Amino acid sequence: MIYLDHAATTPVPPAVADAVRDALVNQYGNPSSQYPIGREAKALVARCRETVASALGCQAERLVFTACGTESDNFALRLAAWQNRHAGRHIVTTAVEHSAVLEPCHWLEQEGWTATYLKPDRNGNITAEQVAAAVRSDTAVVSVMLVNNETGCVFPVREIADALRAAGSKALLHTDAVQGFLKVPFRADTLGADLISVSGHKLGAPKGVGALYLGERIRNPRPLLAGGGQEDGRRSGTEATAQLAGFAKAVELRMERLDETLARMAALKAYALDRLLAIDGVVRVGDGSAPHILALSLVGYPSANVVEDLGAQGVCISAGSACHRGRASHVYEAMNLPKKVKSGVLRVSFGPETTEAEIDALAAALKNHRDTRFPML
Ligand code: PLP
0 MIYLDHAATT PVPPAVADAV RDALVNQYGN PSSQYPIGRE AKALVARCRE TVASALGCQA
60 ERLVFTACGT ESDNFALRLA AWQNRHAGRH IVTTAVEHSA VLEPCHWLEQ EGWTATYLKP
120 DRNGNITAEQ VAAAVRSDTA VVSVMLVNNE TGCVFPVREI ADALRAAGSK ALLHTDAVQG
180 FLKVPFRADT LGADLISVSG HKLGAPKGVG ALYLGERIRN PRPLLAGGGQ EDGRRSGTEA
240 TAQLAGFAKA VELRMERLDE TLARMAALKA YALDRLLAID GVVRVGDGSA PHILALSLVG
300 YPSANVVEDL GAQGVCISAG SACHRGRASH VYEAMNLPKK VKSGVLRVSF GPETTEAEID
360 ALAAALKNHR DTRFPML
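Residue numbers (numbering that gives the first Met the number 0): 0 to 376.
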């Protein structure tokens, strides 16, 4: 099987599975317990926080562990809206955010907030000027993702932060960096965002663990979950020690030779572009520069059929975000692509271990699909 859907989720390396197992079997204490095995579990959580924070470029106490990227996004928007509710009730975001951002924005709209959803250009890009122009005196929250999960477009979060400061806006800035963490270099403490969401399973950790960075402008955050006061009172619930051990180990592995890996992935993406665009009928969608995501379209061939057929040929790619489950993607809709391009969109996404031979196999499978199936009318 050839797995080219790393933006949906990633395989768990054996060393990560070992770390998870060790935490489950040997370090099963409750971090709040006052005897040695509890204290060991508490120390494990502290070490995991140090590892993830150091990779993210911030101090450990700035990081709240969560159950996933979705939770981090929800927490960030709720928290920013609550803290800044007296500054106004307007949100600026983009029409191409993940649903983990869009849905909380819709909730806030139901609670009387208004939201502006910025549309990208045909290549999938959003500019800092566009964001700045949408910000009003009552804008309390701005949320713009770092890397779009369907196009791989990298959005100018640093420039947006600068523009907000230059305009004297009180808005808190959140970025969903789930697809950017350890793919597009940044440091949390200099990116300029007040809140940064990340997720473990996009980089080799088990599913079900994420984190939220809280910048220094975040004061006394209203807890996401109230209870026993874990995560410094910001998100109660007994710590998921095994998930955290897996998260930290996965981050540690990715940090080894990170620059080299990212350069290799970028070269592989260039190779894939060459190979796939050489197939008649294949066009590129957007001009995303993230090294691990490539959006294409086999024009006129419905993507659901292509994905299914390629799956049967042993090649896993997706028709966009895994979260859509067959629904048309709001991202390609917002990019205003021609209908035949939009209905044929495919997302190929790589991991550190992906090889040129796997890309060749994808090209062969795609060509085979085109040669043996009828396009839609
Ligand atoms: N944000 C983006 C950009 C994503 O790609 C995803 C997952 O696909 C999420 C948020 C949600 O993360 P999780 O699956 O950890 O809830």
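Even for Gly, the Cβ is constructed at its ideal location relative to N, Cα and C. Note that this is a predicted model, so its numbers are computed, not measured.
- prompt: So what's residue 85 in DSSP terms, helix, strand or just coil?
  reply: coil
_Extract the residue ranges of the beta strand (DSSP E) inside the stretch 89-131, only unbroken runs of 3 or more that lie entirely within it._
89-93, 113-117
Taking the DSSP output, what are the residues bridged to residue 199?
-> DSSP, once it has assigned bridges, lists no residue as partnering residue 199.
inquiry  = Suppose contacts are defined by Cβ-Cβ distances below 7 Å. Is residue 330 in contact with residue 1 by that definition?
reply    = no
| said: Using the Cβ count rule (16 or more neighbours within 10 Å means buried), how would you classify residue 24? | reply: exposed
Q) CB-CB under 6 Å to residue 265, same chain, minus the five flanking residues each way: which ones, in chain order? A) 290
Worksheet item: Would residue 349 count as contacting chain D if we go by Cβ distances under 7 Å?
Response: Looking at the structure shown, chain D is missing, and only one protein chain is on hand.
| task | Could you check how far apart the C-beta atoms of residue 122 and residue 99 are, in whole angstroms? I think they sit under 8 Å. | result | Not confirmed; about 24 Å, so no contact.
Less than 6 Å between the CB of residue 15 and some heavy atom of the ligand PLP, yes or no?
no
Legend entry - Cα-Cα separation, residue 171 to residue 115: 15 Å
ask   = Can you give the Cα-Cα distance for residue 61 and residue 15, rounded to whole angstroms?
value = 24 Å
Could you check if residue 201 is buried or exposed, using at least 16 other CB atoms within 10 Å of its CB as the buried criterion?
-> buried
Could you name the residues whose beta carbon sits closer than 5 Å to any heavy atom belonging to the ligand PLP, keeping them in chain order?
67, 68, 69, 97, 99, 148, 175, 177, 178, 198
Point to revise | Best match in 89, 84, 137, 209 for proximity to residue 71 [C-alpha to C-alpha] | key: 209
Buried or exposed: residue 105, going by 16 or more other Cβ atoms within 10 Å of its Cβ? exposed
- Task: Compute the beta-carbon to beta-carbon distance between residue 285 and residue 152, rounded to the nearest angstrom, for a pair I have assumed lies under 8 Å.
- Result: 6 Å
- Message: Measuring straight from C-alpha to C-alpha, what distance separates residue 336 and residue 271?
- Response: 22 Å
Q. Using 8 Å as the Cβ pair cut-off and three pairs as the minimum, do the stretch 230-250 and the stretch 49-57 touch?
A. yes
Rounded to whole angstroms, what is the Cα-Cα separation between residue 130 and residue 28? 47 Å
Worksheet item: To the nearest angstrom, how far is it from the Cα of residue 89 to the Cα of residue 367?
Response: 50 Å
Under the three-state DSSP convention, the category residue 19 falls into: helix
6 Å Cβ shell around residue 214 - same chain, five flanking residues per side excluded | 193
I need the straight-line Cα distance from residue 358 to residue 85, nearest angstrom please.
52 Å
Q | DSSP-derived helix/strand/coil call for residue 217 | A | coil
Alpha helix (DSSP H) segment containing residue 246, residue limits
240-254
Three-state secondary structure assigned by DSSP to residue 210:
strand
>> Since residue 96 and residue 142 should fall inside the 8 Å C-beta cutoff, what is the C-beta to C-beta distance between them, to a whole number of angstroms?
In response: 7 Å
**Report entry** residue 224 - partner residues in DSSP beta bridges
**Finding:** 234
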